[in-house]
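What follows is a short report on a single structure.
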Amino acid sequence: MKELKKQILELLYQKLSVYGFKKKQQRLLIRTVKENNVVQIIALGFAHRERHRIFISISVGVIYKNINNEAIKFGEANRLKYYNPMECIHIGYLMPQKDYHAWYFELNGDPQAIEDNIRDVASTIIQYGFPYLEMLSNEDNLINEIDKTSTTNYKGRIIPIIYHMRNEKERALQYIEESIKKISKGFTKEDYESAKRLAGEGGYFIMVENNALKYYMEFVENFKRILNEENAD
752 MKELKKQILE LLYQKLSVYG FKKKQQRLLI RTVKENNVVQ IIALGFAHRE
802 RHRIFISISV GVIYKNINNE AIKFGEANRL KYYNPMECIH IGYLMPQKDY
852 HAWYFELNGD PQAIEDNIRD VASTIIQYGF PYLEMLSNED NLINEIDKTS
902 TTNYKGRIIP IIYHMRNEKE RALQYIEESI KKISKGFTKE DYESAKRLAG
952 EGGYFIMVEN NALKYYMEFV ENFKRILNEE NAD
């Protein structure tokens, strides 16, 4: 199975390298756009549902280097270490059926069948993934997508950080206050749907409500402390 995974990644890389994508780690293809600031990510997910078959799914997302560097100052993890996207989606949700989608490959299967499958994966990425990546590479669109699809605890941290970078500090504080109110009420339907979507078809996830507000308030206190220090300067 390990060799088949390598083969799939290599064949897909050959199809997409002409668009500037490079292999990264064992399951990623990445390219950098927008003056070397936005990292566009194609992530392969592998699953073994049957003994002689491997299923792959595709997710696409982005990391902004400047936002990542700023977020680290506020105590956030370095997303570039493991290429953990700021916003991403399973490609099936960009397709007409708007549902989880995967391709299967037979172990020791016909080489032509593997090639045909890879061609379909690549064309799907080009048709549906590329426009989404381009859309996310606009900062306003990134904010809108995070606000629309992410959990309150996450977007309540990253969006204020972006506003802070834009010197929109009042807007950042207002977003934080709204996030505190939402988290105080517990998880919303949007939070549940976001977690479910990220887990994928048959994915397992747990939403732990304990300490959610406490965890967020630690960020808020640190955020306001940094703002006060900047104002003092």
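Letter by letter, the sequence shown follows residues 752 to 984 of the numbering used here. Ideal Cβ positions, reconstructed from N, Cα and C, are used throughout, including at glycine. Small disclaimer: the values here were computed from a predicted structure and weren't measured.
Within 10 Å of its beta-carbon, does residue i have 16 or more other beta-carbons around it, so buried, or fewer, so exposed?
i             : result
tyrosine 815  : buried
glycine 880   : buried
lysine 824    : exposed
glutamate 801 : exposed
leucine 763   : buried
histidine 799 : exposed
glutamate 838 : buried
tyrosine 926  : buried
valine 872    : buried
leucine 887   : buried
lysine 965    : exposed
valine 769    : exposed
Compute the Euclidean distance between the alpha carbons of residue i and residue j, then round it to the nearest angstrom.
i                 : j              : result
phenylalanine 856 : methionine 846 : 21 Å
valine 971        : tyrosine 844   : 33 Å
asparagine 788    : isoleucine 977 : 24 Å
serine 930        : aspartate 891  : 19 Å
asparagine 868    : isoleucine 807 : 11 Å
alanine 853       : tyrosine 905   : 27 Å
isoleucine 909    : aspartate 861  : 46 Å
isoleucine 934    : threonine 900  : 16 Å
glutamate 716     : aspartate 984  : The structure shown has nothing for residue 716, since the chain only spans 752 to 984.
leucine 924       : lysine 936     : 19 Å
histidine 915     : glutamate 944  : 28 Å
glutamate 980     : glutamate 919  : 16 Å
glutamine 878     : valine 784     : 18 Å
leucine 831       : lysine 774     : 14 Å
arginine 917      : arginine 870   : 42 Å
aspartate 850     : asparagine 982 : 47 Å
Are the Cβ atoms of residue i and residue j separated by less than 8 Å?
i                 : j              : result
phenylalanine 985 : leucine 760    : With the chain represented from 752 up to 984, any question about residue 985 goes unanswered, as that position is not in the structure.
lysine 752        : leucine 858    : In the sequence as displayed, the identity of residue 752 is methionine instead of lysine. Yes, these two residues count as a Cβ contact at 8 Å.
isoleucine 897    : isoleucine 818 : no
isoleucine 836    : isoleucine 865 : The sequence given here places proline at residue 836; isoleucine does not occur at that position. No. Outside cutoff.
arginine 778      : leucine 795    : yes
leucine 893       : valine 811     : no
isoleucine 876    : leucine 767    : yes
isoleucine 809    : lysine 756     : no
glycine 826       : asparagine 962 : no
According to DSSP, residue i sits in a beta bridge with which residue or residues?
i             : result
arginine 804  : Glu801 and Glu857
glutamine 758 : According to DSSP, which records beta bridges pairwise, glutamine 758 is partnered with nothing at all.
leucine 795   : Ile809
valine 790    : Thr783 and Ile814
lysine 933    : None, per the DSSP bridge assignment.
lysine 773    : Ile781
**Request:** Please list the segments of the beta strand (DSSP E) lying wholly inside the segment 812–876, counting only runs of 3 or more residues, in order along the chain.
**Result:** 838–841 and 854–857
**Message:** At 4 residues or longer, what runs of the alpha helix (DSSP H) sit wholly inside the segment 866–929?
**Reply:** 881–887, 890–900 and 903–916
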